[in-house]
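Chain order of the listed sequences is A and B. Take the first sequence: its position 36, counted from the start at 1, is 36 in UniProt numbering, and no numbers get skipped. Take the second sequence: its position 55, counted from the start at 1, is 55 in UniProt numbering, and no numbers get skipped. Don't be surprised by glycine CBs; every beta carbon is placed ideally from N, CA and C.
Protein chains: 2
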Amino acid sequence: MVKLVATLGTSPGGVFETYMNLKSGNYGGEPVDIKEVYIIRTSDKAVELAWKLVKAIFVCCGSKEVEIADIPLPINDIATKEDYEIFRKGLQGKISKGDYVDFTGGRKAMSVAAAINAIRNSAYVVTTIIPQNEYNRIQNLIKQLKEEEIEEAGKGKCINKEKFCELVSKDARTILLT
Amino acid sequence: MVKLVATLGTSPGGVFETYMNLKSGNYGGEPVDIKEVYIIRTSDKAVELAWKLVKAIFVCCGSKEVEIADIPLPINDIATKEDYEIFRKGLQGKISKGDYVDFTGGRKAMSVAAAINAIRNSAYVVTTIIPQNEYNRIQNLIKQLKEEEIEEAGKGKCINKEKFCELVSKDARTILLT
């Protein structure tokens, strides 16, 4: 069973678009039947919020077949070698042969750690580019969301499909690196 | 002969600090005798400026033994699969076994491409973290530099040692990833 494993930072952007583009083959390869999505992230407050948005987007705009799993690691950032080691170890056993690893979100050292793990486990490495104007549009929409809306949506119940699906970019391009 | 190969973005920060920390063994490993530094970058104007600053910093604050080579690629950003391919191909043949690859600067896809190339060629992967307050201090100093000063310094002549060496952070931490 093929998984999508994605790093996440303070913005939800990218992972749902990657999932959709892989499913539809809109990345220059064959359509990929992804049944599970792992989100690997720090425990920073802003990142926690981004996770809730990702969850809401998947629940509101994705298919019901996909499972989405949250993997928060006990660090708030990667500022030291120790932080990096915790992140690297947190990746262990998560990425299998044939999985897709999306490094779009999070700190650069997280992205590189995930890509290295992917290469070593014969997984594919992908990223999704969201045009700047689309990114700005989405960031503005996020600012307008109420905290309760995000909290509710983050519990896995779609409370406003239209609103949350507007956070998805139709112009996102997914690139297969390896 | 061991090289340091670094990606570069719009800020010069990181690569000189990585070089110094590798030279002195201040990264948790043995001191590394680096004789050559390759800077891999796009041809964007702001990145061009960052290259001139890097050159000035090495000339003013480094030892005379190190050679620094500029490798500008014919793209301004990584916005498409084609851009990525040009970047990836630009890396080919640049990274050898035992080299050190610093992915601190530039777009995330550039960092990941460089790290993947490093892994495949049995090179080491490093990054340098500059504390936020130091980063801000340096950015402010850069804004105060005159264009002519940067142009002159970028030609490889140290016109103001004190000024350019202030752009180096003493609190930068280099992490060896693999």
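Under 8 Å between C-beta atoms of residue i and residue j
i        : j        : result
ILE40/B  : ALA114/B : yes
ASN26/B  : THR174/B : yes
ASP70/A  : ASP77/A  : no
VAL37/B  : GLY98/B  : no
PHE103/B : SER111/B : yes
ASN117/B : LEU141/B : no
GLY105/A : ALA6/A   : yes
SER43/A  : ILE75/A  : yes
LYS81/A  : GLY28/B  : yes
VAL32/B  : TYR135/B : no
ILE119/B : ILE129/A : no
Closer than 8 Å to chain A by CB, residue i
i             : result
residue 182/B : For residue 182/B there is no data in the structure shown, the boundaries of chain B being 1 and 178.
LYS108/B      : yes
ALA115/B      : yes
ALA46/B       : no
PHE58/B       : no
PHE103/B      : yes
Expected contact under 8 Å - CB spacing of residue i and residue j to nearest Å
i        : j        : result
TYR124/B : LEU73/B  : Between LEU73/B and TYR124/B the Cβ distance is about 23 Å, and since that is not below 8 Å, they are no contact.
LYS108/A : LYS108/B : 6 Å
Residues near residue i in its chain [Cβ-Cβ closer than 8 Å; skip 5 each side]
i        : result
VAL54/A  : LEU8, PRO12, VAL15, PHE16, ILE39, ILE68
ILE150/A : LEU49, LYS52, LEU53, ALA56
CYS165/B : ILE57, CYS60, CYS61
ALA157/B : The residue you asked about is not Ala; residue 157/B is Lys in the sequence shown. Cβ neighbours of LYS157/B beyond the five flanking positions: VAL59.
TYR19/B  : LEU4, ILE34, VAL37, PHE58, GLY62, VAL66
SER24/A  : PRO31
ASN121/A : ILE95, SER96, LYS97, ASP99
Contact set for residue i: own chain, Cβ-Cβ below 7 Å, skip 5 residues either direction
i             : result
residue 179/B : Only positions 1 to 178 of chain B appear in the structure, and residue 179/B is not among them; the question remains open.
ILE159/B      : GLU149, GLU152, ALA153
VAL47/A       : LEU8, GLY9, THR10, ARG41
ARG88/A       : ALA113
Residue i at chain B interface by Cβ criterion, 8 Å
i        : result
ALA123/A : no
SER111/A : yes
LEU177/A : yes
ILE119/A : yes
Residues near residue i by beta carbon distance below 6 Å, same chain, minus five either side
i        : result
LYS163/B : none
LYS161/A : CYS60
ASN21/B  : TYR27, THR174
Chain B contacts made by the segment 126 to 151 of chain A, where a contact means CB separation under 7 Å
THR127, ILE129
Given a limit of 8 Å on CB to CB distance, which residues of the segment 72 to 87 of chain A reach chain B?
ILE78, ALA79, THR80, LYS81, TYR84
Please identify, using Cβ separations under 8 Å, the residues of the segment 22 to 45 of chain A that lie next to chain B, in order along the chain.
GLY28
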